[in-house]
Amino acid sequence: MNWHSKSPAEVAKELQVTIEKGLSEKEVLKRQKKYGKNILETQKNKSILIKFLEQFSDFMIITLIVAAIISFLVSLLNGELNIVDPIIILLIITLNAILGVAQETKAERSLEALKKMSSPTALVKRDGSIQTIESNDLVPGDIIFLETGHFVPADARLIEANNLKVEESSLTGESHPVEKNAETTLHKDTLISDRINLVMATSIVTTGRGHAIVVHTGMDTEVGHIAKMIMQDEAPQTPLQKRLAKTSKSLGIAALIICVIIFIIGILRQHDIFDMFMTSVSLAVAAIPEGLPAIVTIMLSLGVQRMAKKNAVIRKLPAVETLGSATVICSDKTGTLTQNKMTVTEIRSIKGNEYPDSPLGIFTLTLTALCNNTILQVTKKEVNTTGEPTETAFIHAAYKVGLVKTKLDLLNHRVYEIPFDSTRKLMTTVHQLEDRTFRIITKGAPDVLLSKCNFIYENGKILTLTDLKKKQILKHNTEMANKALRVIAVAYKDLPTFSKSQPQRQIESSLIFVSLIGLIDPPRKEVYDAVTTCKMAGIKPVMITGDHVDTACAIAKELGIMGPLDKAITGAELNVMSKEELDHNIYQYSVFARVSPEHKVRIVKAFQNNNEVVAMTGDGVNDAPALKSADIGCAMGIGGTDVAKNAADMILTDDNFATIVSAVREGRGIYDNIKKAIHFLLSSNIGEIITIFVAIILGLPSPLLAVQLLWVNLVTDSLPAISLGVEPAAKDIMKKKPIPLKKGMFADGLVFKIIFEGMMIGALALSAFVIGIKCFDEKTYLGILNPEVGRTMSFAVLSLSQLFHSFNMRSDHSIMTIGLLTNMKLFLSFLFCTFLQVIVISYEPLAAIFKVVPLTSLQWVIVFALSFVPIIIIEMQKRANNY
Numbered sequence: 090m091n092w093h094s095k096s097p098a099e100v101a102k103e104l105q106v107t108i109e110k111g112l113s114e115k116e117v118l119k120r121q122k123k124y125g126k127n128i129l130e131t132q133k134n135k136s137i138l139i140k141f142l143e144q145f146s147d148f149m150i151i152t153l154i155v156a157a158i159i160s161f162l163v164s165l166l167n168g169e170l171n172i173v174d175p176i177i178i179l180l181i182i183t184l185n186a187i188l189g190v191a192q193e194t195k196a197e198r199s200l201e202a203l204k205k206m207s208s209p210t211a212l213v214k215r216d217g218s219i220q221t222i223e224s225n226d227l228v229p230g231d232i233i234f235l236e237t238g239h240f241v242p243a244d245a246r247l248i249e250a251n252n253l254k255v256e257e258s259s260l261t262g263e264s265h266p267v268e269k270n271a272e273t274t275l276h277k278d279t280l281i282s283d284r285i286n287l288v289m290a291t292s293i294v295t296t297g298r299g300h301a302i303v304v305h306t307g308m309d310t311e312v313g314h315i316a317k318m319i320m321q322d323e324a325p326q327t328p329l330q331k332r333l334a335k336t337s338k339s340l341g342i343a344a345l346i347i348c349v350i351i352f353i354i355g356i357l358r359q360h361d362i363f364d365m366f367m368t369s370v371s372l373a374v375a376a377i378p379e380g381l382p383a384i385v386t387i388m389l390s391l392g393v394q395r396m397a398k399k400n401a402v403i404r405k406l407p408a409v410e411t412l413g414s415a416t417v418i419c420s421d422k423t424g425t426l427t428q429n430k431m432t433v434t435e436i437r438s439i440k441g442n443e444y445p446d447s448p449l450g451i452f453t454l455t456l457t458a459l460c461n462n463t464i465l466q467v468t469k470k471e472v473n474t475t476g477e478p479t480e481t482a483f484i485h486a487a488y489k490v491g492l493v494k495t496k497l498d499l500l501n502h503r504v505y506e507i508p509f510d511s512t513r514k515l516m517t518t519v520h521q522l523e524d525r526t527f528r529i530i531t532k533g534a535p536d537v538l539l540s541k542c543n544f545i546y547e548n549g550k551i552l553t554l555t556d557l558k559k560k561q562i563l564k565h566n567t568e569m570a571n572k573a574l575r576v577i578a579v580a581y582k583d584l585p586t587f588s589k590s591q592p593q594r595q596i597e598s599s600l601i602f603v604s605l606i607g608l609i610d611p612p613r614k615e616v617y618d619a620v621t622t623c624k625m626a627g628i629k630p631v632m633i634t635g636d637h638v639d640t641a642c643a644i645a646k647e648l649g650i651m652g653p654l655d656k657a658i659t660g661a662e663l664n665v666m667s668k669e670e671l672d673h674n675i676y677q678y679s680v681f682a683r684v685s686p687e688h689k690v691r692i693v694k695a696f697q698n699n700n701e702v703v704a705m706t707g708d709g710v711n712d713a714p715a716l717k718s719a720d721i722g723c724a725m726g727i728g729g730t731d732v733a734k735n736a737a738d739m740i741l742t743d744d745n746f747a748t749i750v751s752a753v754r755e756g757r758g759i760y761d762n763i764k765k766a767i768h769f770l771l772s773s774n775i776g777e778i779i780t781i782f783v784a785i786i787l788g789l790p791s792p793l794l795a796v797q798l799l800w801v802n803l804v805t806d807s808l809p810a811i812s813l814g815v816e817p818a819a820k821d822i823m824k825k826k827p828i829p830l831k832k833g834m835f836a837d838g839l840v841f842k843i844i845f846e847g848m849m850i851g852a853l854a855l856s857a858f859v860i861g862i863k864c865f866d867e868k869t870y871l872g873i874l875n876p877e878v879g880r881t882m883s884f885a886v887l888s889l890s891q892l893f894h895s896f897n898m899r900s901d902h903s904i905m906t907i908g909l910l911t912n913m914k915l916f917l918s919f920l921f922c923t924f925l926q927v928i929v930i931s932y933e934p935l936a937a938i939f940k941v942v943p944l945t946s947l948q949w950v951i952v953f954a955l956s957f958v959p960i961i962i963i964e965m966q967k968r969a970n971n972y
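Residue 187 in the working numbering is what sits at position 98 of the sequence shown, and the numbering runs on without skipping anything.
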């Protein structure tokens, strides 16, 4: 359909919608069934079956399946028909595949939930009322409203366009905004780039506003046609996931080499060739941490969901890693550090401060309520105002002393207005009073207003305003400004008659000065602690604002952002400063005032050039470049435009600075937990390798069989590792310095810790094996050792020691300090896995399958005593390190 060649009325008729009312909810539901969701299709998630089959594509798993088949065929040829081992191996592989599918599905669901949380919204008219909905729910025929900074949510025919300009580079490749015209109709063959009466999905409103009829949604839009040709790729891996995949590959190669060595030595020691083959393959499967990237994805996703509950919606997974490394947070002042709620805090006459309910206070607030365009709505529950923040502050202050604007307007009918002008810095209204006389009220910048005044209202009398009194008033103005107050002066005059034809300068002359009013946007209470936490965590908080430098400094000092040695700099000063100068001096400044969005990019780059990791807040269209330049772009969820949100890595749903600090804390915690899981898995894997490697070198029978190794890998490794992902962040995590972005996961001696702990676990499992064969196993009638008890004890100790060791991973602090039950998921995983391990050994049908024997009470005591050793040794280490 060539919608651009039709008028808005024709389009509305075609789509069966009335422009005045929009679609009904009933009709919307019908159209949603017909047209589907307003989303671009991506590559569909794989089916459960495909995911399941893909679990068997790993080289080592294929090798293990082949080994199981060979084992079955050999036993068949020997007339033994031993099907237990192959079946158990295949069952464990299948169970492992099911777990892999579950993990992958959970990660996908988590990421889908995150996409939903950050999905854009649209302003739409339905059933005659304007409402905000998720843009995914739009249908053809919907009437949408567009404002500066909005993404266009669907292809639409314009009904009205007021100075509307749209940037359509995502479709046309041209970055300059296109001026739109709703009134024109075009030839049906007009090119997409010239269809000025249409707006296209994914384009950005750069200027003006308008409303339009949706004509295409989802894959039927112009961008949808492109999407059909180029389906979206899968989400890229985060840097951490890439590093871990590389690490897993390196470790895998090392493990394979060791397994080949074990196999060769086993053969030379005259072990059964098929037993050694099965053991080596099983050990390789157990030792290679191929599940690490998947576990990391789950941990990241779980962490991101926790952050969303704390008002920080992560749009891009790598941001979680970067958050833990943040060293500088550049924050807007208004609404982020402050409440974005201007409040009247002071009324000052020439004599000094006045109470709001004093005669002068009442008179002042009456004048400011009348000379005001705020819309006031009073309900039983609340007082709502719509208007500019300073104006609404006057209305709230008046309401608190019993002055209701709507009632004042009825008694003092407005007949004329001279709107506020940034050049004049004044606003004037004219009112007809009950006695039919006229009152002119003017408010604005004190220095400008004083020049219009010849008189002063003092003690209920009108006196001449002398130069001395003017100086006194200006002195009050300076004192109030130094306290970070925004100062507004108010004056009036009464006239018996009034004519709208009077010159403006005449109307605003010979005024009677009444008072100065001080307003402030108060700091958010929670920001004080957040700034303190920042500094304690080695993070430099920086204020960036378009406000006056004096106001910015006063707020920054009060919050603790600006210290005694810190400086402030203005945008004008930045303009004359070279890149090199700014890079060199950047640390001197904690306040940047009167800056433009272009300055923000320079500030971010200057910090980055000094190897800092920068988080930057923004809300406007022009903030998008700074948000993209920052290592972590933080868009405002309440006041932010769609453009800013799309450019950001994180959206603050409460527009609060404290939320950024909370997100940094969570980011550090997630990074720590991933590190703990890696530490745990690798030390456990090394323990398994050492147990078998040393036994073979010493000429002992293999302490573990293939099915036992696979069981340990499945039960002992996965559940505790994932449970470590929900470990609460350490209480002192924000007392540590930021994590350097390029710092390796295995820095600070972690490699040596992993090797030492792996050797410890291996030594304990081997000790259990030796105790078992020396003290409890008997030789057969041919004099050959049958190490059933030793193998069972080794199997139990290897599994249980790893489970106990998982508690060591929780913190650098003693388990007694952090509390055993503060990570209930890990505790329950421990109990569940321990129960399974005991059942496998004690329940005879399972014991026969896993080729173990039930243990006596004494043997269980030895097993648990050896298994508990990692807790004792690591606790001693922590105490020695003063943890």
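Virtual Cβ for every residue (Gly too), placed ideally from N, Cα, C.
These numbers come from a predicted model, not from an experiment.
Nearest neighbour of residue i, chosen from the options [CA to CA]
i	options	result
serine 773	Leu887, Val840, Gly729	Leu887
valine 288	Tyr546, Glu311, Ser679	Glu311
serine 218	Met834, Ile767, Thr107, Leu275	Thr107
alanine 401	Pro943, Gly756, Lys689, Thr531	Gly756
valine 228	Glu116, Leu138, Arg298, Thr336	Glu116
isoleucine 562	Leu112, Lys550, Lys572, Leu539	Leu539
Cα-Cα separation between residue i and residue j, rounded to whole angstroms
i	j	result
methionine 882	glycine 861	7 Å
leucine 787	isoleucine 781	10 Å
lysine 119	glycine 125	10 Å
proline 448	valine 638	34 Å
serine 282	histidine 314	15 Å
proline 829	phenylalanine 141	38 Å
threonine 273	lysine 95	9 Å
glutamate 777	serine 807	15 Å
serine 956	glutamate 410	34 Å
alanine 250	glycine 297	8 Å
serine 903	serine 791	36 Å
glycine 847	isoleucine 749	38 Å
aspartate 655	glutamine 677	6 Å
aspartate 322	glutamate 257	Low per-residue confidence applies at aspartate 322: pLDDT is 43, beneath 50, and the placement is therefore not dependable, though the value from the model is reported in the following sentence. Those two C-alpha atoms are separated by around 23 Å.
phenylalanine 884	asparagine 700	49 Å
threonine 368	glycine 355	10 Å
valine 294	asparagine 252	11 Å
Cβ pair residue i, residue j closer than 8 Å
i	j	result
glycine 814	leucine 391	yes
valine 504	phenylalanine 587	yes
proline 817	asparagine 897	no
methionine 396	alanine 733	no
alanine 661	isoleucine 675	no
glutamine 891	isoleucine 843	no
serine 679	valine 631	yes
Sheet register partners of residue i (DSSP bridge)
i	result
histidine 673	The partner list for histidine 673 (beta bridge, DSSP) is empty, contrary to what the question assumes.
isoleucine 658	Phe681
serine 218	Arg215
glycine 533	Leu515, Ala578
glycine 847	Answer is none; glycine 847 lacks a bridge partner.
proline 630	Ile418
phenylalanine 527	Gln521, Leu584
phenylalanine 234	Leu212, His300
### Query
Is the stretch 413-433 close to the stretch 692-707, with three or more CB pairs under 8 Å?
yes
### Query
Just checking, does the stretch 587-597 make contact with the stretch 423-439 on the three C-beta pairs under 8 Å criterion?
no
### Message
Whether or not the stretch 912-925 and the stretch 832-842 are in contact is what I'm after, with contact meaning three or more pairs of Cβ atoms, one per stretch, closer than 8 Å; do they touch?
### Response
no
### Task
Decide if the stretch 514-533 is in contact with the stretch 453-470; the criterion is three or more beta carbon pairs, one per stretch, under 8 Å apart.
yes
### Query
Do the stretch 347-360 and the stretch 756-770 touch if we need at least three Cβ pairs shorter than 8 Å?
no
### Task
Give a yes or no on contact between the stretch 540-549 and the stretch 607-619, applying the rule of three or more CB pairs nearer than 8 Å.
no
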